[in-house]
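K.L.:
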Amino acid sequence: MRIIKLNNQIKKRFIFLLIIFACFSTSIFLISYSLKDQIAYFVEPTDLKSMDGIENKYLRVGGLVKTNSLKFLDGNWVFEVVDQNQNSVNVIFSKTLPNLVEENKGIIVEGKFIDNIFVAEIVLAKHDENYMPQSAIDKLKEEGKWRGN
Amino acid sequence: MFAITPNILSNFMNSLSRYVILLSLILICVSIFLIIFLENDYYQGISFKIMFIHVPTAWLSLAIFLIMGISSIVGLIFKSPTAFTVARSLSPIGLIMSIVVLVTGSIWGNLTWGAYWVWDARLTSMLILAFIYLGHILLLYSFEHFQKADFAASVLAIIGMVNLPIVKFSVDWWTTLHQESSVLRIGGPSMTNDYLITLLVSFFGIFMLTIFWFSNIFYIIVEKRKIERSKLLND
Chain A
382 MRIIKLNNQI
392 KKRFIFLLII
402 FACFSTSIFL
412 ISYSLKDQIA
422 YFVEPTDLKS
432 MDGIENKYLR
442 VGGLVKTNSL
452 KFLDGNWVFE
462 VVDQNQNSVN
472 VIFSKTLPNL
482 VEENKGIIVE
492 GKFIDNIFVA
502 EIVLAKHDEN
512 YMPQSAIDKL
522 KEEGKWRGN
Chain B
274 MFAITPNILS
284 NFMNSLSRYV
294 ILLSLILICV
304 SIFLIIFLEN
314 DYYQGISFKI
324 MFIHVPTAWL
334 SLAIFLIMGI
344 SSIVGLIFKS
354 PTAFTVARSL
364 SPIGLIMSIV
374 VLVTGSIWGN
384 LTWGAYWVWD
394 ARLTSMLILA
404 FIYLGHILLL
414 YSFEHFQKAD
424 FAASVLAIIG
434 MVNLPIVKFS
444 VDWWTTLHQE
454 SSVLRIGGPS
464 MTNDYLITLL
474 VSFFGIFMLT
484 IFWFSNIFYI
494 IVEKRKIERS
504 KLLND
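Keeping their order, the protein sequence lines are chains A and B. The opening position of the first sequence corresponds to residue 382 in the working numbering, with each subsequent residue numbered one higher. The opening position of the second sequence corresponds to residue 274 in the working numbering, with each subsequent residue numbered one higher.
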C-alpha cells in the first residue's frame, strides 16, 4: 500500500517538473525564433540584396576577403567581401587591420553604406574551425589533396 | 540507488582521490609537455595553443551543468539527499570553469579576431551560463534551511538546462563570430591527429582535477552537516 502511494507522489513530481521544463523551453524557443535576425551576428552580401533601406544603416557584413582585392590606397585599406554565391561588397577601412586578415580568409566588417561603398568602422577577422600545422599542409599539397589557397 | 547516502559516496570518493589527483597531475604534465613541443597552426600561429585550456574547460562547464541538472531532477523527484549534495558541490566548480572559458576565450579573441568581447550568440549564451552558475550558488546560500535552498537551486538548475543546447548549437543555428565546433561535429574532427591527442590528454587531465576537486567539496559539505547535527543533538 505504501509503495503505491510513493509511486503516485513520484509520478506527480515528475509531471510537474516536465511541465515546468516544457513551458520554459517553449518560451525560450519562441523568443529566439522571433529574434533570430537580431541574434544573427552578421549578414552575408547575398542577404543585402533582399534588404531595403540599407543606406546609412549600421550593419555587420561577413564573408571572405576576395582574392587579389586587398589594397592599401591613400592611407585606407580597400577590399571586397565575397560570399559563396559570389556576391560582393566593396569596403573601405581607415584604421589598422587585425593581424589575421588575409585574402581568401573570413572577415566581418561593421559600418555603413555610403554611396554604395561600405565604410567600415570596425573590422574583425573570423577564423574557421580547421587547425593544422604547416607540415601537414605541405604533405597534403604533395599528395594533391589540398583544396585551400 | 536509495542505499547511496552522502556518507557512503563521500567515503568511496575519498578512498580513490589520491589516485585521481596523481593521474591528473601526470596527465596535466604530459599535456603541458605536448603543448610546448607542438607545431604552430599554419594560420593562427602560436595563439591557437590557448585552445588546449579553452576547449576542455568549455566542455566541462557544459558537462558539469548537465550533471547538475540531472541530479537536481533526481533529487526533486526521489527526494534524494545525495543527489542534492552532488548538485550543491558541483556549482562552484562550474562557475570557475565558465570564468576560465570566458577569460581564455577573450584573450584568444583579442589575438585572432581583434576584439576581446563581442555580443554574438555563443559568447552571450556562455556568459548567461556563468550567471546561472552564480545564481545557483547565491540561491544555495540565501536560505536558512538547506532543504529549502536545495529545492530553489534545483528548480534553477532544471530551468537553466534549456541554455545548454543553445550554447552548444548557437554556432550552427545563427551566424556568429565564433568558429564552429572542431571535435564534436558531423564529419569527424577538423584538426590533425597530433592536435586532437593533445586536446584529449589535456581534457582528461582537467577532468580528473575536476573529480578530485568535486570529491573534496562533497567531503567538506558532508562533514559540516555531521558537525551541525551533533551540535543540535548536544543542545
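We treat Cβ as the ideally placed atom computed from N, Cα and C, and that holds for glycine.
1. State the start and end residues of the unbroken alpha helix (DSSP H) segment that holds alanine 394(B).
2. Quick one: what's got a C-beta closer than 7 Å to asparagine 280(B)'s C-beta in the same chain, skipping five residues either side?
3. Assuming asparagine 436(B) is part of the alpha helix (DSSP H), what are its boundary residues?
4. Mapping DSSP to helix, strand and coil, what is methionine 464(B)?
5. Determine whether the beta carbon atoms of leucine 450(B) and tyrosine 422(A) lie at a separation below 8 Å.
6. What runs of the beta strand (DSSP E), each 3 residues or longer, lie entirely inside the region 443-519 of chain A?
7. For asparagine 466(B) and leucine 521(A), I'd like the C-alpha separation in whole angstroms.
8. Where does the unbroken alpha helix (DSSP H) through tyrosine 292(B) begin, and where does it stop?
9. Can you tell me the Cα-Cα spacing of serine 364(B) and isoleucine 495(A), whole angstroms?
10. Hey, out of Phe491(B), Tyr414(B), Ile405(B) and Leu482(B), whose CA is closest to proline 354(B)'s CA?
11. Based on DSSP bridge pairs, tell me the residues matched to glutamate 436(A).
12. Do isoleucine 350(B) and arginine 394(A) come within 8 Å of each other at the CB atom, strictly closer than that value?
13. Measure the alpha-carbon distance for isoleucine 439(B) versus tryptophan 332(B) and round it to whole angstroms.
14. How is arginine 502(B) classed by DSSP in three states: helix, strand or coil?
15. Just to make sure I have the definition right: I need the residues of chain A whose C-beta is within less than 8 Å of the C-beta of glutamine 317(B). Which are they?
16. Under the DSSP definition of a beta bridge, which residues are partnered with glycine 433(B)?
17. Any C-beta of chain A sitting closer than 8 Å to the C-beta of methionine 286(B)?
18. Taking all protein chains shown into account, do 16 or more other C-beta atoms lie within 10 angstroms of the C-beta of tyrosine 547(B), making it buried, or fewer, making it exposed?
19. Leaving out the 5 sequence neighbours to the left and right, which residues in its chain are closer than 8 Å to isoleucine 308(B) when beta-carbon positions are compared?
20. What residues in the region 415-449 of chain A have a beta carbon less than 7 Å from any beta carbon of chain B?
21. Rounded to the nearest angstrom, how far is the Cβ of leucine 440(A) from that of valine 424(A), given a contact under 8 Å?
22. Between the alpha carbons of isoleucine 488(B) and asparagine 284(B), how many angstroms are there, rounded?
23. Looking at valine 462(A) and valine 442(A), is the spacing between their C-beta atoms short of 8 Å?
24. Interface residues of chain B around phenylalanine 460(A) at Cβ under 8 Å?
25. Nearest to lysine 497(B) by CA position, among Lys441(B), Met481(B) and Phe419(B), is which residue?
26. Quick check on the DSSP output: the alpha helix (DSSP H) that includes leucine 363(B) runs from which residue to which?
27. Closest Cβ-Cβ distance between glutamine 420(B) and chain A: below 8 Å?
28. Buried or exposed for asparagine 497(A), please, with buried defined as at least 16 other CB atoms from any protein chain shown within 10 angstroms of its CB.
29. Using a beta-carbon distance cut-off of less than 9 Å, what residues from the region 289-316 of chain B approach chain A?
30. Listed from N- to C-terminal order along the chain, which residues in the region 333-366 of chain B have their beta-carbon within a distance smaller than 8 Å of any beta-carbon of chain A?
P.N.:
If we stick to the structure as given:
1. 394-413
2. Val495
3. 436-446
4. strand
5. yes
6. Within the region 443-519 of chain A, the complete beta strand (DSSP E) segments of 3 residues or longer fall at 452-454, 457-463, 469-474, 487-495 and 498-507, listed in chain order.
7. 14 Å
8. 279-310
9. 50 Å
10. Phe491(B)
11. The partner list for glutamate 436(A) (beta bridge, DSSP) reads Phe494(A).
12. The Cβ atoms of arginine 394(A) and isoleucine 350(B) lie closer than 8 Å to each other.
13. 14 Å
14. helix
15. Leu481, His508 and Tyr512
16. Paired residues: none, contrary to the question.
17. For methionine 286(B), the answer is no, since every Cβ of chain A falls outside 8 Å of its Cβ.
18. Lying before the first or after the last residue shown, residue 547(B) is absent from chain B, which here runs from 274 to 508.
19. Lys322, Phe325, Thr471 and Ser475
20. Lys417, Ile420, Ala421, Tyr422, Phe423 and Gly443
21. 7 Å
22. Reading off the sequence shown, one finds serine at residue 488(B), where the question assumed isoleucine. Spanning the two alpha carbons is a distance of roughly 9 Å.
23. Going by C-beta atoms, valine 442(A) is nearer than 8 Å to valine 462(A).
24. None at all; the shortest Cβ gap to chain B is about 15 Å.
25. Across the set Lys441(B), Met481(B) and Phe419(B), the C-alpha of Phe419(B) shows the shortest separation from the C-alpha of lysine 497(B).
26. 354-385
27. no
28. exposed
29. Leu311, Glu312, Asn313, Asp314, Tyr315 and Tyr316
30. Ile346, Leu349, Ile350 and Phe351
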